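As numbered in this note's numbering, the sequence shown has no gaps in its residue numbers, which increase by one up to the final residue, 68.
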Amino acid sequence: MLIRLRWLGMVFLIGPPDAGERLKRLEKEKERLEKEYEELQKKYERGDMSKEEYEKRKYEIEREFVEVMDRIAQYKAFSSGF
(Lines of atoms letter the chains of each structure in order from A and count residues from 1; the text may use other names and numbers.)
(Lines give C-alpha, C1' and ligand atoms only; values in the text may rest on other atoms or scores of the structure.)
Protein backbone atom coordinates (compact mmCIF):
# COMPACT_ATOMS: atom_id res chain seq x y z
CA MET A 1 0.00 0.00 0.00
CA LEU A 2 1.32 3.41 -0.94
CA ILE A 3 1.53 5.81 1.97
CA ARG A 4 1.31 9.46 1.12
CA LEU A 5 1.95 12.30 3.56
CA ARG A 6 -0.09 15.47 3.28
CA TRP A 7 0.61 18.56 5.32
CA LEU A 8 -2.55 20.19 6.68
CA GLY A 9 -1.74 22.96 9.10
CA MET A 10 0.15 21.26 11.90
CA VAL A 11 -1.19 17.73 11.28
CA PHE A 12 0.14 14.98 9.03
CA LEU A 13 -2.42 12.60 7.57
CA ILE A 14 -1.07 9.28 6.36
CA GLY A 15 -2.96 7.17 3.87
CA PRO A 16 -3.60 6.47 0.23
CA PRO A 17 -5.00 9.34 -1.81
CA ASP A 18 -8.16 7.39 -2.67
CA ALA A 19 -8.92 6.19 0.87
CA GLY A 20 -12.50 7.49 0.72
CA GLU A 21 -13.31 5.49 -2.40
CA ARG A 22 -11.67 2.37 -1.02
CA LEU A 23 -13.64 2.74 2.21
CA LYS A 24 -16.92 2.88 0.26
CA ARG A 25 -15.96 -0.28 -1.68
CA LEU A 26 -15.07 -2.06 1.55
CA GLU A 27 -18.37 -1.09 3.16
CA LYS A 28 -20.22 -2.48 0.12
CA GLU A 29 -18.19 -5.68 0.43
CA LYS A 30 -19.15 -5.87 4.11
CA GLU A 31 -22.83 -5.57 3.20
CA ARG A 32 -22.44 -8.25 0.51
CA LEU A 33 -20.87 -10.64 3.01
CA GLU A 34 -23.63 -9.98 5.54
CA LYS A 35 -26.27 -10.81 2.93
CA GLU A 36 -24.37 -13.89 1.82
CA TYR A 37 -24.19 -15.08 5.43
CA GLU A 38 -27.95 -14.58 5.87
CA GLU A 39 -28.63 -16.55 2.68
CA LEU A 40 -26.30 -19.31 3.83
CA GLN A 41 -28.19 -19.61 7.12
CA LYS A 42 -31.52 -19.78 5.29
CA LYS A 43 -30.25 -22.50 2.93
CA TYR A 44 -28.98 -24.53 5.87
CA GLU A 45 -32.24 -24.12 7.81
CA ARG A 46 -34.22 -25.27 4.74
CA GLY A 47 -31.99 -28.32 4.50
CA ASP A 48 -30.51 -27.35 1.13
CA MET A 49 -26.96 -28.09 2.29
CA SER A 50 -25.13 -30.39 4.64
CA LYS A 51 -23.75 -29.28 7.97
CA GLU A 52 -20.23 -29.81 6.60
CA GLU A 53 -20.86 -27.55 3.59
CA TYR A 54 -22.52 -24.97 5.84
CA GLU A 55 -19.65 -24.90 8.34
CA LYS A 56 -17.03 -24.65 5.59
CA ARG A 57 -18.72 -21.73 3.82
CA LYS A 58 -19.59 -20.04 7.12
CA TYR A 59 -15.91 -20.12 8.10
CA GLU A 60 -14.88 -18.66 4.72
CA ILE A 61 -17.43 -15.83 4.97
CA GLU A 62 -16.42 -15.04 8.55
CA ARG A 63 -12.76 -14.95 7.58
CA GLU A 64 -13.45 -12.57 4.68
CA PHE A 65 -15.64 -10.45 6.96
CA VAL A 66 -12.88 -10.06 9.56
CA GLU A 67 -10.41 -9.01 6.86
CA VAL A 68 -12.83 -6.44 5.45
CA MET A 69 -13.63 -5.05 8.90
CA ASP A 70 -9.91 -4.78 9.67
CA ARG A 71 -9.30 -2.80 6.48
CA ILE A 72 -12.32 -0.58 7.20
CA ALA A 73 -10.90 0.21 10.64
CA GLN A 74 -7.53 1.05 9.08
CA TYR A 75 -9.05 3.40 6.50
CA LYS A 76 -11.18 5.12 9.15
CA ALA A 77 -8.07 5.62 11.28
CA PHE A 78 -6.26 7.12 8.25
CA SER A 79 -9.12 9.45 7.49
CA SER A 80 -9.46 10.65 11.09
CA GLY A 81 -5.74 11.37 11.37
CA PHE A 82 -5.26 8.77 14.11
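Idealized CB from N, CA, C, for every residue including glycine.
This one's a predicted model, so the numbers in the text were calculated from it and none came from an experiment.
Considering Cα atoms alone, identify which of S36, Y40, R18 is closest to L26.
Y40
Measuring straight from C-alpha to C-alpha, what distance separates M33 and E20? The residue you asked about is not Met; residue 33 is Gly in the sequence shown. Approximately 20 Å, taken between the alpha carbons.
- Message: Are the CB atoms of K16 and V54 within a distance shorter than 7 Å?
- Response: yes
Beta-carbon proximity of Y23 to I47, cut-off 7 Å: yes
Original post:
So, is Y45 buried or exposed, given that buried needs 16 or more other C-beta atoms within 10 angstroms?
Top reply: exposed
| So which of E7, K28, E50 has the shortest CA-CA distance to E18? | The sequence given here has Arg at residue 18, not Glu. Comparing Cα positions, the closest option is E50.
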